[in-house]
Structures are given as C-alpha cells and as structure tokens.
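**Q**
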Amino acid sequence: MFMKFYLKILLTISYLVGLAYAVTFYYIDFFLWITNNLVPFEYQNLLVCILYLPALAYLIFRIWKFKNIDKNTKGNWTVLLLFVSIVTMPIYIWRKDDIFIEENDNKRN
Numbered sequence: 001m002f003m004k005f006y007l008k009i010l011l012t013i014s015y016l017v018g019l020a021y022a023v024t025f026y027y028i029d030f031f032l033w034i035t036n037n038l039v040p041f042e043y044q045n046l047l048v049c050i051l052y053l054p055a056l057a058y059l060i061f062r063i064w065k066f067k068n069i070d071k072n073t074k075g076n077w078t079v080l081l082l083f084v085s086i087v088t089m090p091i092y093i094w095r096k097d098d099i100f101i102e103e104n105d106n107k108r109n
C-alpha cells in the first residue's frame, strides 16, 4: 500500500506545474506564456487542470481508502488539499501518506 517512488515523483510534477502556473499570476513578466489575449489563457488553464486535478482527486481518494484512520483527520486533510493544496500537496505526498499507512497498519493489528 506504500506509494511508490515514481508515483510520488509523478504527483509532484503535476503539483509543480500547478505551482508554476500560480506563480505566473504574481510575476507575469517572468513567465511570458500568459498574454493579454484570453484564448491562450483558457488553453493554458485547461492544460494545468488536466494535469493537476487528477492528481488531487487521486490523493483525496487515497485518503479515504484508509479504513482505520479517524474520519475527522481524513476530512481535515481533504479540506486542506482542496483549499490550500499549493502548500499541503507535497506535504501529504512525501510525508503524511507514509504516516497514514503506519497508523492504519498499527490500528489494524
């Protein structure tokens, strides 16, 4: 049930694409791929959503697959991933998922 290293890398890449896209709103001159024209912006938004949202959905699905974790904890992490994912997504991918696996296995035994 441990998340494999290549899956962590893949999820992190989708997170980094979303992060780079969010940074463009603060430093538009640094990334010149957002223009004044709305049509390229819509294509870029679609591309980022195609990469970012499935990774987010997978992580939320993975959280709720744990049987022996408190529902309040799972709910808190779901809300954090939905609303503050720019910060919490890498924390969950690289640390919290392993902690959930250990807690789930310890409560099972």
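All residue numbers for the sequence shown refer to our numbering, where the first residue is 1 and numbers rise by one.
Glycine included, C-beta positions come from ideal geometry on N, C-alpha and C.
So, are the CB atoms of Y43 and P90 less than 8 Å apart?
**A** no
**Q** Return the CA-CA distance between Y58 and L7, expressed in angstroms with no decimal places.
**A** Taking the straight line from one Cα to the other gives about 11 Å.
**Q** Quick one: using the 10 Å Cβ neighbour count with 16 as the cut-off for buried, is W77 buried or exposed?
**A** buried
**Q** Taking the runs of the beta strand (DSSP E) that are 3 residues or longer, which of them lie wholly in the region 17 to 97?
**A** none
**Q** Can you have a look at L110 and say buried or exposed, based on whether 16 or more other CB atoms are within 10 angstroms of its CB?
**A** The question about residue 110 has no answer here: the residues shown for the chain are numbered 1 through 109.
**Q** Taking all protein chains shown into account, do 16 or more other C-beta atoms lie within 10 angstroms of the C-beta of L46, making it buried, or fewer, making it exposed?
**A** exposed
**Q** Cβ atoms of N104 and K163: under 8 Å apart, would you say?
**A** The structure shown does not extend to residue 163, since the chain is modelled only from 1 through 109, so no value can be given for it.
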